Amino acid sequence: MNLLDNISIRNKMLIAFGLVLALAVGLGGFSAWRLGRLGDGTKHIEQNVLGLEPLAAIARDGAQMANLSALAASAELPSQYQMILKGEQAAQQDEAAQWVNYRERMSPGEETTYGHQFQDAFLRITDIANKIYKATQTGDTTTAFTSLFQDMVPTLARFNKAMMADQLYQKRQARSFATDAGRAETTGYITIAMALAAMLLLCLLIVGVMIRTIARPIGAMTGVMRRLADNDIDVTIPGSGRSDEIGAMAAAVQIFKDNAAARLKLEAEAAAFKQNLDKRLKETEAAFAAAGREQTQIVDAITGALAALAKGDLTIRITQDVSQSYAALKRDFNAAMLTLQDTMRAIAASTQTLHASSGEITHSSDDLSRRTEQQAASLEETAAALDQITATVRKTAEGA
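Numbering (this note's numbering), first residue to last: 967 to 1366.
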């Protein structure tokens, strides 16, 4: 395992992934090849089934030609002749089309032999049918029936024999294709199962190697780091001689160990420094307390003075002794109160002057109102006199 200890975790993972990937690709390629074999077998079976359709159609056309020939031998009316002729022509056309279709799918060898046999027999049936039809039209029923029984029946038997042989061949081929496909499917399943088992074993092996070379060393490293966290610096760091990431972690943990030792030393020094700092903090708190008392004193004095001012006492002043820090505030407050007192006196004097002026304005307004009323009365009297003069002039004008 020393060799694995010197391989990085990244490379270990890449090697493991490469092995699994190679096995998976091989399994996938083999599965694709087996599926291709199955596809070929299925295609052969499909072609075999498709080949049976034109074969059955040709057999049906041959039987129809023989039946129509029998009808033609016993026909008596021209309309019957025409119907039989149309039926034979239709059977011949269908057989020709089906033969082309079947010939395209026909494989060389035994199937080709059977195909040519029933095709030759069908062509012979067609010639016999034409001979019977002509003999019937000329009224030669003896020739017609002789051709029917001596020529048509043996030829039809040969046709049916060739058709039967070809159908048996098709069935054998279908069974062979099905057997090959089943065998290939079974072989594929077995091979895939074996490949999956091999992949599982490889995965288990990879997991074991990863546990041995990665998981366990990391677990041991975690225990060491936990002891270091508990201030236990008397520990041995595992994996110090390795060249992979575990070795790098061991070097880092060694630094943590050294830092822990230095930290313990610093903590001792910090404890001594804290004692000195606590002493200085107590002195600072005492100074803050004294300053707080001085501040409370000046705030209480200003609060009392403002309360008196709120009641209208403009003569209030701060007379208590205060610390040197708040002497300027005391002085500024007393100066502001003195200025406020002088301002209020000036406002009071201005108010009295304004009151006297307001009385004079009121007297003048009353005098002006009386004179206005007198003028309004005189205007009313003048208007009445004018009305009388106007009436007198109007009467004088009417009398004239």
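By construction, the Cβ of each residue, glycine as well, lies at the ideal position given by its N, Cα and C atoms. Quick caveat, the model's predicted, so the values are computed rather than measured.
Hey, how far is the Cα of residue i from the Cα of residue j?
i	j	result
E1260	E1251	14 angstroms
F983	G1207	27 angstroms
I1212	G992	34 angstroms
T1317	E1346	44 angstroms
A1349	A1342	11 angstroms
A1150	R1069	29 angstroms
M1165	L980	16 angstroms
L1315	N1300	The identity of residue 1315 in the sequence shown is Ala, whereas the question assumes Leu. Going by the C-alpha atoms only, they are around 23 angstroms apart.
L1272	K1296	13 angstroms
D1027	G1105	26 angstroms
L1194	A1234	18 angstroms
I1282	A1267	11 angstroms
A1228	D1210	28 angstroms
M967	G1174	Bear in mind that the predicted position of M967 carries a pLDDT of just 48, short of 50, making it too unreliable to give a figure here.
F1111	L1122	15 angstroms
T1109	V1119	14 angstroms
T1152	S1142	15 angstroms
N977	T1145	48 angstroms
Y1099	L1051	8 angstroms
A1253	V1201	50 angstroms
D1080	L985	Rather than Asp, the amino acid found at residue 1080 in this sequence is Tyr. Roughly 55 angstroms separates the two Cα atoms.
I1094	E1019	26 angstroms
A1368	L1170	No information on residue 1368 is available, as it lies outside the stretch 967 to 1366 that the chain covers here.
A1255	Q1241	21 angstroms
T1305	T1262	26 angstroms
A1181	K1231	34 angstroms
Counting along the chain, where does the alpha helix (DSSP H) carrying residue i start and finish?
i	result
Q1220	1211-1276
F1088	1076-1103
G1185	1182-1195
M1130	1119-1176
F1115	Unbroken run through F1115: none, as it is neither H nor E.
Buried or exposed, going by whether 16 or more other CB atoms sit within 10 Å of the CB of residue i?
i	result
I1156	exposed
A1216	buried
D1132	buried
I1024	buried
E1339	exposed
W1065	buried
E1054	buried
Q1290	exposed
P1074	exposed
I1221	exposed
E1076	exposed
K949	Nothing can be reported for residue 949, as the shown portion of the chain is limited to 967 through 1366.
Q1354	exposed
E1061	buried
M1130	exposed
M1310	exposed
L1034	buried
S1335	exposed
T1179	buried
L1162	exposed
N1021	Per the sequence presented here, residue 1021 reads as Leu, with Asn not at that position. Per the 10 Å Cβ criterion, buried.
G1258	exposed
M1303	buried
Thinking residue i and residue j are a contact (beta carbons under 8 angstroms), I'd like their distance in whole angstroms, please.
i	j	result
T1102	A1038	5 angstroms
M1049	I1091	Contact flag wrong, Cβ pair sits at about 19 angstroms.
Y966	I1264	Outside the shown range of the chain, which is 967 to 1366, sits residue 966, and nothing can be said about it.
L1280	Q1307	4 angstroms
Q1058	A1128	Not a contact, Cβ separation roughly 18 angstroms.
V1219	M1176	At roughly 21 angstroms, the Cβ-Cβ gap does not stay under 8 angstroms, so V1219 and M1176 are not in contact.
I1199	V1190	Going by Cβ atoms, the distance from I1199 to V1190 rounds to 11 angstroms, so no, they are not a contact pair.
A1226	N1197	7 angstroms
A1087	F1125	4 angstroms
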